[in-house]
Amino acid sequence: MTEAVRAPRRSIPNPLAGMEERRRQTVILALVVILALVYPLIYRPLSNAIPALPWPGTAVLVVCATFAILALGLNIVMGFAGLLDLGYVAFYAIGAYTTAFLASSHFGVHISWWIVLWIAVAAAAIFGVMLGAPTLKLRGDYLAIVTLGFGEIVRLVFRNLGDITIALPAFLGGAVILGPNANLTGGNVGINPIDPPIIPIPGPWGNQLIFSNQNAIASWYLVLALLAITFFICRRLRDSKLGRAWMAIREDETAAAAMGINTVTTKLLAFSLGASFSGFAGAFTGAYNTAIFAETFSYNVSILVVIIIIVGGIGSLRGVVFGAFALLYVDRSLLPWLGDNIVNDPMHNLGVSTGQQILADFKLTTYNYLLFGIVLVIMMIRRPEGLFPDAGAKAEMHGVGIAAEVTGATGDELTALGELEEVSLDEAPIAEPDAPPPEPPSTTTGPEAAAR
Amino acid sequence: MEELVKALTIGVTNGLIIALIAIGYTLVYGILELINFAHADVFMLGTAFTYFATELIVRGLGIPASSTLALVVTLMALPIIMLMTATINASIERLAYRPLRNAPRLAPLISAIGMSFVLQNIGLLLLGPSQKAVEPVLPRTDLVFFPSGAAWFGVDEIIVLGVTVPLLLALRWFVANTRQGKAMRATAQDREASGLMGIDVNRTISLTFLIAGGLAGAAGLVVALYYGQTFFQYGLQFGLLSFTAAVMGGIGNLTGATLGGLFVGIVAAMSDRFIEAKWTSVIVFSLLILVLIFRPTGLLAEQASERA
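From first to last, the protein sequence lines stand for chains A and B.
Note that my numbering has the first sequence beginning at 4, numbered continuously upward.
Note that my numbering has the second sequence beginning at 144, numbered continuously upward.
In structure tokens, the structure reads:
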């Protein structure tokens, strides 16, 4: 415990606190960065040398990094401030559509992406405030439903506004205000093409460097830079006064308010900052794909980002980034590979021989959310703190909350406190600067036993 | 005027179906304070089971789809389908929610989202990726006509009423008058105290999930027959409508869920008829958000205030 107190506050969580370990962490970080920078260049020789393995292509990595930005943004809302947002895709859509409106032939506006990016971020942040201001007073599960509804509304509005007629009722004259059949958003067809980000510098790539899906390698370096910016901002936010205010609210809103934190403003900031990163990712995705469709911004995307955070470790920055790369790699590379090489053909043959059309059409990738759903349930039950947990989140997820302090800890809570103690030894207490001193576990009752 | 009455009739019919699902949300929320995301997918499995039941009846047993016999046999399958969905719902509770009984609030919610995706994919595996047409077991004969001669409603609407209304009344009676119903109300009020009073809390919770799942299965049968199709994404579509209904009635409130279901059904039918079907979801979700912002305890706030 004394170690926990002495541990440097800013250190990245690591198995053993101490300078050497911090250096080791730096080395690991440097290796990851170098690998990220070099991978697109060695991808071809690598996959040619060992073709039997499902190496992720650079385009897959771009998607991974985009979701890492999304997940880092949602992590502010969910991990830091503890608000469950199931409609996070709405802000992603808003960012992407803002880009499409301002940098395509749809309205004939062609502003440089480097400027549009910031407009998209601002638009997403404004919508974040607009949704957050009236709803943040709601309780956790109600907020989840409201955001879910909002996400669906945004998708449907973008889809439906592709063909809209607004006219006064007949008894008011029936004048057409908008339309008839005005196309504001492209509807189901979407908006295509969108101007990709361009740097007008000639080089080996031609007259200008274009960051679109035609040039995944260049786009990878761009999205990596965006991810690095996002990661840096999130880290600074986490360690800032604001970050501590978020975590205080997450742990106990009433107590946080009593300590002088303006809970409304603080939560609203979490919501709008989270939303702005989603807009950031949306602006990139729209321009990178040079096309957007309303149907891609579905509820499933919101849930996928939630799953990334749960798997990676709620509140933990490196965990969330790891989760994004792991899950999107599984989704975009591993499952297609497993399907094509191992699963689809036997299933197809089984389907043909038994006459089951659904089995004959079997594609493993169709069932990706079956895997994710199972992973979500298992993670919640077995390892709710995620694979790379953050100290505070782990303690919270194991039920060590205010209840334990007030009521006196019961058997399973004490066991969980024991786990908290381990965490405090391992990691610097970033999330809970004034966490209660952990008590040693006095019983061996496990959480399952107590739950029965 | 006739159009209005007709839309109202469709609204009430759909509203009763929505109410059957909404009651499942409200029962579970009342007792566990958990939004059971998987509930609507249990309903979706109900539509899938009905699809297979009609396939079996028409293709397996060779009973003509439009005959009265086919309808009677299908309705006799109702208890079996209800039993299946009830078992599934109770097993979900056992597997995914019970281990998280003492975890923070959001943990079972996230687990429920995971279960919802699992069930949705089971539906996908059973039904395939597109809508599946259900055998036309339900007769579409129009019975009642407007003075002008236009059709008002028919046998299908009456059968929907004939299934949904008795179930809603039976549930009301069960919760209000039986010993188990009393245990459910007590557990909803204070789980620990009920445990101390000798109520088997886990059994009561399982019973609640059984009842909710059974009602979802009944709703599944009615939807599959009345809409004439089933789809693996019905869970999300009907789930949000029903959840809106449950919240409007004040979540945890049984009468409220029924009235909320009727209200949502009527609003949706009106929007389908007088605005445009593609805007209906937007209108219903906006309504949900507005109700949650301005009246989070529901439109029948007095009875539900204890819960919120």
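Glycine included, C-beta positions come from ideal geometry on N, C-alpha and C.
Here the structure is a predicted model, which is why all the values come from computation and not from measurement.
Taking Cβ positions, are Gly82/A and Ile232/A nearer each other than 8 Å?
Here the question's residue 82/A lines up with position 79 in the first sequence. Here the question's residue 232/A lines up with position 229 in the first sequence. No, Cβ-Cβ distance for Gly82/A and Ile232/A is not below 8 Å.
Leaving out the 5 sequence neighbours to the left and right, which residues in its chain are closer than 7 Å to Met413/B when beta-carbon positions are compared?
Against the second sequence, residue 413/B aligns to sequence position 270. Ala150 and Gly154.
Those residues which DSSP pairs with Thr373/B across a bridge
Indexing the second sequence from 1 puts residue 373/B at position 230. Paired residue(s): Lys275/B.
Confirm, please, whether the CB-CB distance from Tyr100/A to Ile295/A is below 8 Å.
Residue 295/A sits at position 292 when you count from the first residue of the first sequence. Residue 100/A sits at position 97 when you count from the first residue of the first sequence. Yes.
Cβ-based neighbour list, Arg238/A, same chain, cut-off 7 Å, excluding 5 preceding and 5 following:
For this step, residue 238/A is matched to residue 235 along the first sequence. For Arg238/A, where only same-chain residues beyond five positions count, the Cβ hits under 7 Å are Leu320.
With respect to the beta strand (DSSP E) encompassing Pro183/A, which residues constitute its N-terminal and C-terminal limits?
Looking up residue 183/A in the first sequence gives position 180. First-last of the beta strand (DSSP E) with Pro183/A: Val179 to Ala185.
Considering only residues of the same chain and omitting the five flanking positions on each side of Phe214/A, which have a CB-CB separation below 7 Å?
What you label residue 214/A is simply residue 211 of the first sequence in a count that begins at 1. Answer for Phe214/A: Pro199, Pro200, Ala221, Ser222, Leu225 and Tyr291, listed in chain order.
Does the region 268-278 of chain A touch the region 239-250 of chain A, meaning 3 or more C-beta pairs lie closer than 8 Å?
yes
Use the C-beta contact count for Arg346/B: other C-beta atoms within 10 angstroms, 16 or more gives buried, fewer gives exposed.
Along the second sequence, read from residue 1 onward, the residue named residue 346/B stands at position 203. Result: exposed.
Just the chain A side, please: which residues come within less than 8 Å of Phe386/B by C-beta, in chain order?
Taking the second sequence and counting its residues from 1, one reaches residue 386/B at position 243. Per Cβ cutoff of 8 Å: Ile148.
Do Leu281/B and Asp299/B come within 8 Å of each other at the CB atom, strictly closer than that value?
In the second sequence, the residue the question calls residue 299/B occupies position 156. In the second sequence, the residue the question calls residue 281/B occupies position 138. Against a cut-off of 8 Å, the Cβ pair of Leu281/B and Asp299/B comes out as a contact.
When Cβ atoms are compared, which residues of the region 414-441 of chain B fall closer than 7 Å to chain A?
Lys421, Trp422, Ser424, Val425, Phe428, Ser429, Leu431, Ile432, Leu435, Ile436 and Pro439
By the three-class DSSP mapping on this structure, what secondary structure does His109/A have?
Numbered from 1 along the first sequence, position 106 holds the residue referred to as residue 109/A. Correct three-state label for His109/A: coil.
Measure the alpha-carbon distance for Phe186/B versus Gly376/A and round it to whole angstroms.
Residue numbering aside, residue 186/B sits at position 43 when the second sequence is read from its first letter. Residue numbering aside, residue 376/A sits at position 373 when the first sequence is read from its first letter. Each residue's Cα considered, the two are about 18 Å apart.
Separation of Gly403/B from Thr387/B, as counted between CA atoms:
The residue labelled residue 387/B in the question sits at position 244 within the second sequence. The residue labelled residue 403/B in the question sits at position 260 within the second sequence. Cα-Cα distance, rounded: 8 Å.
Pull up the distance between the alpha-carbon of Gly278/A and that of Leu337/A, whole angstroms please.
Looking up residue 278/A in the first sequence gives position 275. Looking up residue 337/A in the first sequence gives position 334. Going by the sequence as given, residue 278/A is Ala instead of Gly. When rounded, the distance between both Cα atoms is 30 Å.
Cutting at 7 Å between CB atoms, please list the residues of its own chain near Val481/B, excluding the five before and the five after it.
The displayed coordinates of chain B run from 144 to 451. Any statement about residue 481/B would go beyond what the structure contains.
For Val309/A and Pro432/A, the rounded distance between their alpha carbons:
Position 429 of the first sequence, counted from the start, is the residue given in the question as residue 432/A. Position 306 of the first sequence, counted from the start, is the residue given in the question as residue 309/A. In this predicted model, Pro432/A has a pLDDT of only 42, less than 50, meaning its place in the structure is not dependable; the value taken from the coordinates is given anyway. If I take the Cα positions, the gap works out to 25 Å.
CB contact check: Val80/A to chain B, cutoff 8 Å:
Taking the first sequence and counting its residues from 1, the one referred to as residue 80/A is at position 77. No, Val80/A lies away from the interface with chain B (no Cβ there is under 8 Å from its Cβ).
Cα separation between Gly408/B and Leu226/B?
Residue numbering aside, residue 408/B sits at position 265 when the second sequence is read from its first letter. Residue numbering aside, residue 226/B sits at position 83 when the second sequence is read from its first letter. Their Cα atoms are separated by approximately 26 Å.
With a threshold of 8 Å between beta-carbons, can Pro54/A be considered close to chain B, or not?
What you label residue 54/A is simply residue 51 of the first sequence in a count that begins at 1. Cβ-Cβ to chain B under 8 Å: no for Pro54/A.
Output the distance between the C-alpha atoms of Gly282/A and Ile72/A, rounded to the nearest integer angstrom.
Position 279 of the first sequence, counted from the first residue, corresponds to residue 282/A. Position 69 of the first sequence, counted from the first residue, corresponds to residue 72/A. Distance between the alpha carbons of Gly282/A and Ile72/A is about 10 Å.
Reduced DSSP secondary structure (H/G/I, E/B, other) of Gly193/A
Working through the first sequence from its first residue, we reach residue 193/A at position 190. It is coil, neither helix nor strand.
Mind listing the chain A neighbours of Met258/B? Cutoff is C-beta to C-beta under 8 Å, in chain order.
Counting from one through the second sequence, the residue named residue 258/B turns up at place 115. In chain order: Gly376 and Val380.
Per-residue contacts from Ile306/A into chain B (C-beta, under 8 Å)
In the first sequence, counting from the first residue as 1, residue 306/A sits at position 303. By Cβ distance, chain B contributes Ile256 and Phe260.
Count the other CB atoms within 10 Å of the CB of Met391/B; is the residue buried (16 or more) or exposed (fewer)?
Stepping through the second sequence from its first residue, residue 391/B is reached at position 248. Classification for Met391/B: buried.
Closer than 8 Å, Cβ to any Cβ of chain A: which residues of the region 271-295 of chain B, in chain order?
Gly271 and Pro272
Please list the segments of the alpha helix (DSSP H) lying wholly inside the region 319-401 of chain A, counting only runs of 4 or more residues, in order along the chain.
320-332, 338-341, 347-357, 360-363, 371-385 and 394-400
Under DSSP, the alpha helix (DSSP H) around Leu276/A begins and ends at which residues?
As a working mapping, residue 276/A is identified with position 273 in the first sequence. Unbroken alpha helix (DSSP H) run through Leu276/A: Thr266 to Asn292.
Residues of its chain near Ile174/B, where Cβ-Cβ distance is below 7 Å and the 5 sequence neighbours each way are ignored
Counting from 1 along the second sequence, the entry for residue 174/B is found at position 31. Counting only Cβ-Cβ distances below 7 Å, and skipping sequence neighbours, we find Met327, Thr330, Ala331, Ile348 and Thr351.
Between Pro137/A and chain B, is the shortest Cβ-Cβ distance under 8 Å, so that the two count as touching?
Stepping through the first sequence from its first residue, residue 137/A is reached at position 134. Chain B, which has a Cβ nearer than 8 Å to the Cβ of Pro137/A, makes this yes.
Do Thr102/A and Gly289/A come within 8 Å of each other at the CB atom, strictly closer than that value?
Your numbering for residue 289/A matches position 286 in the first sequence. Your numbering for residue 102/A matches position 99 in the first sequence. Closer than 8 Å, so yes.
Does any C-beta atom of chain A lie closer than 8 Å to the C-beta of Arg248/B?
As a first step, residue 248/B must be located in the second sequence, where it is residue number 105. Yes, Arg248/B lies at the interface with chain A (some Cβ there is under 8 Å from its Cβ).
Just checking: is the beta-carbon of Ile178/B within a distance shorter than 8 Å of some beta-carbon in chain A?
Along the second sequence, read from residue 1 onward, the residue named residue 178/B stands at position 35. So, interface residue.
Residue span of the beta strand (DSSP E) that contains Ile79/A, given as start and end
Within the first sequence, numbered from 1, the residue matching residue 79/A stands at position 76. No beta strand (DSSP E) holds Ile79/A; DSSP gives it neither H nor E.
When burial is assigned at 16 or more other CB atoms within 10 Å of the CB, is Glu145/B buried or exposed?
In the second sequence, counting from the first residue as 1, residue 145/B sits at position 2. By the 10 Å Cβ count, Glu145/B comes out exposed.
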